[in-house]
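Working notes for the structure below.
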Amino acid sequence: MKIAAFGHYPIHRPLHGGQRRVAAIARQARAAGYIFRYVPIYSTRGYRDGSPDERRTAVPEALLSRLHDPQRREDLHISDTLKDHPLIEGLIRELRDFAPDAVQFEHPWLYPLFAEALDRDPVLRRARLIYSAHNVEAALIDPHWRAEAEALEAALVARADLTVAVCKADARHFAHLPGAAEVVVAPNGCWAPDPETVPSAPLDGPYAFVAGSAHPPNARGYWVSFGDIPGFLPPPSRLVVAGGMTHLITADDRFRRYAQMNAEFVEPLGVVAEETLNGLLHHARAICLPITEGGGTNLKTAEALLSCKPVVAMRPAMRGFEEAERLSGVHVADDPVQFRRLLRDAMTKSIGSERRPDEVAQYGWPAQLAPLISRYESLAA
1454 MKIAAFGHYP IHRPLHGGQR RVAAIARQAR AAGYIFRYVP IYSTRGYRDG SPDERRTAVP
1514 EALLSRLHDP QRREDLHISD TLKDHPLIEG LIRELRDFAP DAVQFEHPWL YPLFAEALDR
1574 DPVLRRARLI YSAHNVEAAL IDPHWRAEAE ALEAALVARA DLTVAVCKAD ARHFAHLPGA
1634 AEVVVAPNGC WAPDPETVPS APLDGPYAFV AGSAHPPNAR GYWVSFGDIP GFLPPPSRLV
1694 VAGGMTHLIT ADDRFRRYAQ MNAEFVEPLG VVAEETLNGL LHHARAICLP ITEGGGTNLK
1754 TAEALLSCKP VVAMRPAMRG FEEAERLSGV HVADDPVQFR RLLRDAMTKS IGSERRPDEV
1814 AQYGWPAQLA PLISRYESLA A
């Protein structure tokens, strides 16, 4: 079976959650014996580390100013920016030559560029259409653009032979849209750490660890959960912050206002290499999930669960992982005061974790994506 997938970011070096999910889908599909071809159509301003093959399908430099027009949204309006461009004409020709059994869209944004060809081309109209959703996009978008996003997502769900949701709540939403066909839930996960490998410790001393992309809700969750200064942490422990969210924190006036005190409690690392991330997770005394908003499910939650470390989470972080709240070492707060108390208890070892790898294997990518991977073959039959 041949699957052609389209998305609006490269996955050569996956960093944020969306990239990691698509990379995992590609890896699991290929491991199952499918021919999986992923084509990213993306902005090189936002993603500078695409592979040479990925850069071949990036948005042309001449169109980037229009794509990044502050009066527009890069994701919602990428199809309008590229319509009738030779890049898309060439990709449709390549798609026809590939003759896929299924065409999969990660997020809905690129679907309008291929909709007509998928309906009318004698080769492409035989392909099954898969909408691989990462959220209910319209629920998260600025109200000014919500109706446009709702219409796009509804059109794709109505046309799709299969819609993939990351949680049951999203699946219920898609299933109730007019014309919806089959909806399958394939939650987010992560790769389990190698039990035979002990990564080196990137830092000395006890620390709580939080990581996240430069997605603005990650920063908002940080301020709600930790406050202006995480001074509730018992000395000599620190809060280590990694990922793209780091700059959002350190550039904020709240961080700068108390720069000297934050320097005592916060270790901002920025984007780190994968081996460093593994070391930070392995040696952390507690993993923090200060997620207070958003949709879908969060990869960082799966990552925290598979670490087998004490997890201190705000309740929205457990969306789609509710059954994991019964596991040892998973501590869930309903408000910032409770979150800080639980984290302090974790850092003083008043609370801990006895989770075993076999108890959390179900949150790894192979298990989480199995409902999607198993549907590919029957979809093409």
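Numbering (my numbering), first residue to last: 1454 to 1834.
C-beta atoms are modelled at their ideal positions from N, C-alpha and C, and glycine is treated no differently.
Indicate the three-state DSSP secondary structure (helix, strand or coil) for residue i in the structure shown.
| i | result |
| --- | --- |
| T1754 | helix |
| R1828 | helix |
| P1561 | coil |
| H1629 | coil |
| A1672 | helix |
| L1795 | helix |
| G1817 | strand |
| V1610 | helix |
| I1541 | helix |
| P1688 | coil |
| K1621 | helix |
| G1499 | coil |
| D1528 | coil |
| S1678 | helix |
| S1760 | helix |
| H1465 | coil |
| G1732 | helix |
| I1804 | coil |
| A1833 | helix |
| A1823 | helix |
| A1654 | coil |
| P1523 | coil |
| P1810 | helix |
| E1727 | helix |
| P1683 | coil |
| T1745 | coil |
| P1648 | coil |
Which one or two residues does DSSP pair with residue i in a beta bridge?
| i | result |
| --- | --- |
| L1662 | One detail in the question is off: residue 1662 reads as Phe in this sequence, not Leu. Its beta-bridge partners are V1693, I1740. |
| Y1491 | A1458 |
| E1635 | L1615 |
| A1786 | M1767 |
| P1721 | V1694 |
| A1555 | I1456, R1581 |
| C1643 | G1817 |
If you follow the alpha helix (DSSP H) that residue i is part of, which residue opens it and which one closes it?
| i | result |
| --- | --- |
| I1531 | 1531 to 1535 |
| L1593 | 1590 to 1593 |
| F1774 | Note, F1774: premise wrong, no alpha helix (DSSP H); not H, not E. |
| Q1472 | 1470 to 1484 |
| D1506 | 1505 to 1508 |
| D1706 | 1706 to 1710 |
Cα separation between residue i and residue j?
| i | j | result |
| --- | --- | --- |
| R1768 | W1676 | 16 Å |
| R1797 | P1763 | 12 Å |
| L1692 | P1561 | 37 Å |
| I1826 | R1498 | 33 Å |
| L1548 | L1577 | 8 Å |
| E1756 | H1735 | 11 Å |
| I1594 | Q1524 | 14 Å |
| S1532 | L1733 | 39 Å |
| L1517 | P1493 | 15 Å |
| R1473 | A1712 | 33 Å |
| V1637 | L1605 | 20 Å |
| F1558 | D1706 | 39 Å |
| H1700 | A1628 | 38 Å |
| D1614 | Q1481 | 21 Å |
| T1729 | P1631 | 46 Å |
| A1476 | P1553 | 19 Å |
| T1534 | I1702 | 32 Å |
| L1686 | A1611 | 50 Å |
| R1501 | G1642 | 25 Å |
| H1538 | R1519 | 13 Å |
| P1817 | S1803 | Rather than Pro, the amino acid found at residue 1817 in this sequence is Gly. So the alpha carbons of these two residues sit roughly 28 Å apart. |
| N1731 | F1718 | 22 Å |
| R1793 | A1833 | 50 Å |
| S1504 | A1479 | 16 Å |
Along the chain, where does the beta strand (DSSP E) that runs through residue i open and close?
| i | result |
| --- | --- |
| Y1564 | First-last for Y1564: 1564 to 1573, but that is the alpha helix (DSSP H), not the beta strand (DSSP E). |
| L1516 | Here L1516 belongs to no beta strand (DSSP E), and DSSP marks it neither H nor E. |
| R1581 | 1581 to 1585 |
Say the cut is 7 Å; is the CB of residue i nearer than that to a heavy atom of the ligand GTP?
| i | result |
| --- | --- |
| H1560 | With respect to small molecules bound, the structure shown includes none, and the ligand GTP cannot be examined in it. |
Quiz item: Does the pairing of the segment 1730 to 1741 with the segment 1657 to 1666 give three or more beta-carbon distances under 8 Å?
Solution: yes
Practice problem: Would you check if the segment 1454 to 1465 and the segment 1483 to 1502 touch, i.e. whether three or more CB-CB distances between them fall below 8 Å? | Solution: With the cut-off at 8 Å, the segment 1483 to 1502 and the segment 1454 to 1465 touch.
Practice problem: Determine contact between the segment 1668 to 1683 and the segment 1646 to 1654, defined as no fewer than three beta-carbon pairs at a distance below 8 Å. | Solution: no
Quiz item: Is the number of C-beta pairs between the segment 1572 to 1589 and the segment 1508 to 1515 that are closer than 8 Å three or more?
Solution: no
Quiz item: Does the pairing of the segment 1743 to 1760 with the segment 1615 to 1623 give three or more beta-carbon distances under 8 Å?
Solution: They touch, by the three-pair rule.
Quiz item: Taking one C-beta from the segment 1570 to 1578 and one from the segment 1589 to 1603 each time, how about it: are there three or more such pairs within less than 8 Å?
Solution: Pairwise C-beta distances place the segment 1570 to 1578 out of contact with the segment 1589 to 1603, as fewer than three of them are shorter than 8 Å.
Quiz item: Between the segment 1539 to 1554 and the segment 1463 to 1481, do at least 3 Cβ pairs fall closer than 8 Å?
Solution: no
Quiz prompt | At least 3 beta-carbon pairs within less than 8 Å: the segment 1709 to 1724 vs the segment 1682 to 1700 | solution = Look at the beta carbons and you see the segment 1709 to 1724 touching the segment 1682 to 1700: at least three pairs across the two are nearer than 8 Å.
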